[in-house]
Amino acid sequence: METRKVAKSKRYPSIRRLCSNILLLSLLGSQSFASEIICKANIDCDDGLICSKGYCTSDVDVSSNPFAKGCLHTMAEREGKQFDRLRVCNSDDAADIQRGDNCVEPDQDYIEIRIGPWNWESALALGWVYQIILSEIYGVPATIEGGYGKANTGVSFYDRASRFVFPDFSQDNSFRPVDQLLEADRVNGDCSMTEKACSHVMPEVWPGDRQTAKPYQDEGKILEAELSGVNARYGLYIPAHTVRREPSFASYIGLQGEDKRELLANTFKQPTNWSDYCSLVESNCEEGDEIAARGPATEKEGGSYFVLGAFKGYFKSHNNPNCATDPTCTGNIVSPNCQWSIYTEAQLYWNNFTLTSRGPMAGNSGYGYSHMIQIYEAAVANGEDVFFGWWEPDTVPFKYSRSTDFSFHRVAFPNPSIDCLRYRFSDEVDRCSSEFDDRVGRDSVGSCDSGMMSFRKLFSNGFLTETESVPIELRSPALAVLKGLIVPPYSIENIFDKWIQLEEDSQEENKEREGVCKFVYENLPDLLSHAPKGYPRNFKDITYSHLSNTGYAVGSITLLVAMCTAALVYKWRAVQIIKFAQVDVLYLITLGHAFIAISGITYSVSVPSDAVCTTTQWFMRLGYTLALVPLLIKVSAVNKLTRSGMACRRVEIDPNRLKKILIATVSCDLVFLILWTSIDMPKQVPTYEMDIRGEDGTVNVFTGCASDSVGWEVAAFVWEFFLLLSATVLTFQSREVIQELNESHSLAFMVYSHFIFVIARMAVYIMGEGLSDMLPSAYTLKISSLLLSFDALCTTIIYFGPKFYKVMTGQGEVLRRGKGRPVRGTNAATNGGGSHISGIRIPRNSDGTVPSLIKPKSSIKPVSRLESCESVGVQVSKVSMNVVEESKVEESIPLQDIHIDKNDKDKTSVISDTDVKKESIIEEEVPLTKTAENVDDESALVVPKQQGEGDALVEN
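Position 251 of the sequence shown, counting from 1, maps to 251 under the UniProt record's numbering, and the rest follow consecutively.
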């Protein structure tokens, strides 16, 4: 159907219709029916359509918004200036568009702020100002609340289609502006958690809404109102041409009284919507006329009072011959709906105006915002008079301010007073009541004019709750910025004036965004004059580079020392002192120290990542296990041999015991680390520190490592202390072992060193990321790095240093076969008893007896102990433990069996501290395989391994 005005023809209707259809087809082409509607703004189009190039269309041009990258960025580019920063992205930015082209992700994890203007232009313009400031200056993502229960991204300043639409709350007629603040409080400030209309701030609040919010402020759900900087005033207006024709209408005095009833009814006619008009004409608008080019295509069109190029608008006369005396005959006033902070009915009633509002809205029979604009446009198009309720500042008065005939003239009413204003906002008056008396009140005190009002802004308590839940160093500046943001006087008027100027310059495309952006760009210093200091934050990484470099150096040296130690162990593996210490055990200890050194190096990383944090714990925990557990197993075996010998008991030591215990221990360690990593992985944890004034906005960032629970670290420290405590006990017990196997001195120093460093690390942990914040986590990390490296380095030196020194000074000679003379002994059965040791070379004592491997405790008399034993047996099977004289042995020989039998108490060698004479040296190994009859026969040194083959062995 043709959208343009069709000339009326009565003589040739069929020809007229044919021509109309031809013209329609030529205009439409391949366009959809929706594209036929002529428009000047998006408000002229149906839902889901935008006004583009004069027609409503559903096509969304991605590049139609020149400010998609940001207002300040675009304006600076136009003037050849630098403004490199793009706006931050928000949830309205389409996922299918490269966000990096038009916006950047926020530097900080600020929650998105939802701004809740209501459905009029000044509120939306102010909301855009807030959105620009937050998104482009402070890096806070911000969106505009689009309406109840639906996504309406067209209200955003950065809408890619550059639509100019208002928030739509029509789906719920009971919804109040403050309800969006209450919803934000319900979700604790996180509007992403609800599908309902939710806003952190309302930038423009009228007195009526403040009155509605008062009970919720008392409950703590809405914060106290703050000044926005905008002043406004509601009033009743008539066109300038009406005042010129009826000068008395300029004041309420010229409009009062019953004698003005007919004049007002004839002057201010009732506006008629499109559907009602079509019901008045015979053709029902099927045939176009000079008022309606066609019938309404949709329900929304049917309720419209003016549609550019389709419906010119119509004002219906009362046609009442008895109007002067008929109380129902009144002129029409276009009054807003009762939800606005207006008291039109009270003003008309108490000033005796014979005017009535006949709009479709419930309550006061008012008109909606868009319908009021359409009615004024229809009055302009038809040259009609209209009595019009409106407010300033707004674009409609600005739009017609340059018009000779239709500029707004404010009708003067009695001056406002405190009593009048208080009465209007008291419980005596209910603007939306179904009862007329409740709407107008019961006292003429409410007849005054509307006073100048300072707009306020309201904040949800959820906004405050969410803001204060974040540490001050990371806190979003949004609440502080919006509270302090006060626009300069006449700011909204300035914006509207820019809109009108752009329209007059034929720059209607994006005029609304263009005007707001120019205002912000030109007034930025004033807008930020009340903003809080210290924003935006300037985050500075504090890396303690000197400590990091020191940690790298010490850790690398420690790792090199561990590697060299392992190499020297391998080189001197056949030397007596190294062999006694167990080569396999030494390898494992050096591997553990290498792991600890690696953890020290990784802890020195300036800004550790999650992977570095996790890897460090693995190397550290496994390192301590490998460094201590093998040593504990070895010392435990020696101590067991010692205790068994002193108790006259046979002892069997499993050669695989080291491997079994080590594998079990490392497996438990691995299970712990796997659980730790999978459940609560150590990760990068930055801590922040800011000057208490924070005026320069610099925040020092200290990056450390931690898990959510401190229990993992505590468990790891407990494990280390357990290992060290076990080492302490075993070291104390090993002091009675013969000199060749006695490492109690070096072990004591090593355990003492470990204890010192572990306690130091625990103290640093507690003062840092553990249980307090006395030290920055990054600092404690670097200190821990040095402690770990020094721990491994010191223990390596303490344990391996003396051994290597003896090797290099010749005190740890190599075991050599065939030198010295063999041990001779007598068989108990033939020679009255003796000591028989199989599979090892041992020098004799000066009295011909074989020395014991075990030193007796001074508090126990060896003789009395041995006398109580009829037979003493000590058996060591398949253990790579070697008991030899240091200076005369080239290579160790494993103890296959050790038997000490006592049949003759008088001739038995008593365990003592008697030094072994140097000349009593075994020249060659004597394999004791048979029982000997005399000491000169090597075969006589064999002691039966089983009972019943000569000597009766009694195990104690």
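Glycine included, every Cβ here is placed at the ideal spot set by N, Cα and C.
- Look at E392 here: in three-state DSSP terms it is strand.
- Within the same chain, and ignoring the five residues on either side of S746 in sequence, the residues whose Cβ sits closer than 7 Å to its Cβ are I798, Y799, P802.
- Per DSSP, M75 is one residue of the alpha helix (DSSP H) stretching across 71 to 78.
- Apart from sequence neighbours up to five positions away, the residues of its chain that approach S726 with a beta-carbon distance below 7 Å are L632, ordered along the chain.
- L723 sits close to V629, with the two beta carbons spaced by under 8 Å.
- The C-beta of H546 has fewer than 16 other C-beta atoms within 10 Å across all chains shown, which makes the residue exposed.
- In its chain, beyond the 5 residues on either side, C338, G363 have a beta carbon closer than 6 Å to the beta carbon of C432.
- Annotation: the continuous beta strand (DSSP E) that includes R456 extends over 453 to 459.
- Residue pairing from DSSP places I333 in a beta bridge opposite F387.
- I133 places its beta carbon 8 Å or farther from that of I115.
- Put simply, the backbone Cα of L775 is about 6 Å away from that of M767.
- Boundaries of the beta strand (DSSP E) harbouring K683: 683 to 690, taken from the DSSP string.
- Fully enclosed alpha helix (DSSP H) runs of no fewer than 4 residues occupy 576 to 580, 583 to 603 of the stretch 556 to 605, in order along the chain.
- In this model, W128 and G366 are separated by some 28 Å (Cα to Cα).
- The Cβ atoms of Q501 and D610 lie no closer than 8 Å to each other.
- When S460, F311, Q256 are compared, the shortest CA-CA separation from G189 is found for S460.
- Between the alpha carbons of V807 and K571 lies a gap of roughly 11 Å.
- Going by DSSP, P525 is part of the alpha helix (DSSP H) stretching over 524 to 527.
- In the structure shown, G235 adopts extended strand secondary structure according to DSSP, grouped into three states.
- For P271, the three-state secondary structure derived from DSSP is strand.
- Per DSSP, E282 is not a residue of any beta strand (DSSP E), being assigned neither H nor E.
- With contacts defined as CB atoms closer than 8 Å, W120 and P177 fail to qualify as a contacting pair.
- The stretch 432 to 508 contains, as complete beta strand (DSSP E) runs of 3+ residues, the segments 453 to 459 (chain order).
- Here F436 is exposed: its Cβ has fewer than 16 other Cβ atoms, across all protein chains shown, within 10 Å.
- Taking the C-beta atoms as reference points, F425 is found nearer than 8 Å to P207.
- In the displayed model, E246 falls within coil according to three-state DSSP, outside both helix and strand.
- Here K806 carries a helix assignment [DSSP, helix/strand/coil].
- In the structure shown, the three-state DSSP call for P414 is coil.
- Distance from the CA of L227 to the CA of D218, rounded to the nearest whole angstrom, comes to 19 Å.
- Taking a C-beta distance under 8 Å as the contact criterion, V307 and E299 do not qualify as a contact pair.
- For L675, the closest alpha carbon among the candidates A748, S709, N549 is that of S709.
- Contact annotation: L588 and V569 have beta-carbon atoms that are not nearer than 8 Å.
- Assignment of beta-bridge partners to R114 by DSSP yields T143.
- Per the coordinates, the alpha-carbon of S162 lies some 9 Å from the alpha-carbon of S156.
- An exposed status is given to C668, since fewer than 16 other beta-carbon atoms sit within 10 Å of its beta-carbon.
- In the DSSP assignment, D185 falls within the unbroken alpha helix (DSSP H) covering 179 to 186.
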